[in-house]
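Everything on this sheet refers to the single structure shown next.
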Amino acid sequence: MDKALRAAGHRLTRQRQAILNYLATTDAHPSAQQVFQEAKKDHPGLSLATVYNTLETLARVGLIRILDFQAMDNRHETNLVPHINLICTECGKIQDFEEGSTIRSSEVKEKFGFQVEDFRLEYYGICSACKARASNA
Numbered sequence: 001m002d003k004a005l006r007a008a009g010h011r012l013t014r015q016r017q018a019i020l021n022y023l024a025t026t027d028a029h030p031s032a033q034q035v036f037q038e039a040k041k042d043h044p045g046l047s048l049a050t051v052y053n054t055l056e057t058l059a060r061v062g063l064i065r066i067l068d069f070q071a072m073d074n075r076h077e078t079n080l081v082p083h084i085n086l087i088c089t090e091c092g093k094i095q096d097f098e099e100g101s102t103i104r105s106s107e108v109k110e111k112f113g114f115q116v117e118d119f120r121l122e123y124y125g126i127c128s129a130c131k132a133r134a135s136n137a
């Protein structure tokens, strides 16, 4: 990630490094607030504004994707391989499902003449942990 950031003409500051370190070690889809809470452990002087600005920069460079939601905070993901996001409507947890689950953009272009620039496929439901909690209640 740091090489791609530099290649796009951005400096790798200590604050950005702390954010990148956290993003590289999680498979969660964290909100900016969650990134802030985790990254400031390594860089106590980090500000929430810097986190937001860095996440926007990383998205512009194509290193992460920002998932914009109406019902909850935006989330950020580093998995840019086509996949389905499984979103729990109870706890907000997001999991990736990749097993041949998407239509190839080349097929869409061939069949419809439509040039795909980006896409997002989401399934909403209740995760196994929330189902287990509900059945124990």
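108 is the number that our numbering gives to position 108 of the sequence shown; each next residue is one higher, with no gaps. Cβ atoms here follow ideal geometry from the backbone N, Cα and C, with glycine treated the same way.
Would you mind reading off the limits of the alpha helix (DSSP H) that contains residue i?
i      : result
Glu38  : Ala32 to Ala39
Arg65  : That residue, Arg65, is in no alpha helix (DSSP H); its beta strand (DSSP E) goes Arg65 to Leu67.
Gln115 : Neither: Gln115 is in no alpha helix (DSSP H) and is coded neither H nor E.
Asp42  : No alpha helix (DSSP H) holds Asp42; DSSP gives it neither H nor E.
Ala207 : Coverage of the chain is limited to positions 1 through 137, which leaves residue 207 absent and any answer about it impossible.
In terms of alpha-carbon separation, which member of the options lies closest to residue i?
i      : options                       : result
Gln173 : Lys109, Ile87 and Asp73       : The shown model of the chain, from 1 to 137, leaves out residue 173, and the question about it has no answer.
Arg65  : Asp118, Ala137 and Ile126     : Asp118
Lys41  : Asp27, Leu58, Ala18 and His29 : Ala18
Ala32  : Leu12, Ala59 and Arg11        : Ala59
Arg75  : Leu55, His83 and Val81        : Leu55
Gly45  : Thr13, Thr78 and Cys127       : Thr13
Leu23  : Glu77, Leu67, Thr50 and Gln70 : Glu77
Cys91  : His10, Pro30, Val81 and Lys3  : Pro30
Lys16  : Asn136, Phe36 and Ser106      : The question names Lys, but residue 16 in the sequence shown is Arg. For Arg16, the nearest C-alpha among the options comes from Phe36.
Ser128 : Gln70, Leu48, Ile94 and Tyr52 : Ile94
Tyr52  : Glu110, Leu20 and Cys130      : Leu20
With which residues is residue i paired in a DSSP beta bridge?
i     : result
Cys88 : Gly125
Asp27 : Answer is none; Asp27 lacks a bridge partner.
Glu77 : Arg65
Do residue j and residue i count as a contact pair if the criterion is CB distance below 8 Å?
i     : j     : result
Gly5  : Leu80 : According to the sequence as given, residue 5 is Leu; it is not Gly. Result no, Cβ atoms of Leu5 and Leu80 do not sit closer than 8 Å.
Arg83 : Asp68 : A small correction: the amino acid at residue 83 is His; Arg does not occupy that position in the sequence shown. It is not a contact, given that the beta carbons lie outside the stated cut-off.
Thr57 : His10 : yes
Val61 : Ala28 : no
From what residue to what residue does the beta strand (DSSP E) around residue i run?
i     : result
Asp96 : Ile94 to Phe97
- Task: Answer yes if the stretch 117-126 comes into contact with the stretch 77-88, meaning at least three C-beta pairs across the two stretches below 8 Å, and no otherwise.
- Result: yes
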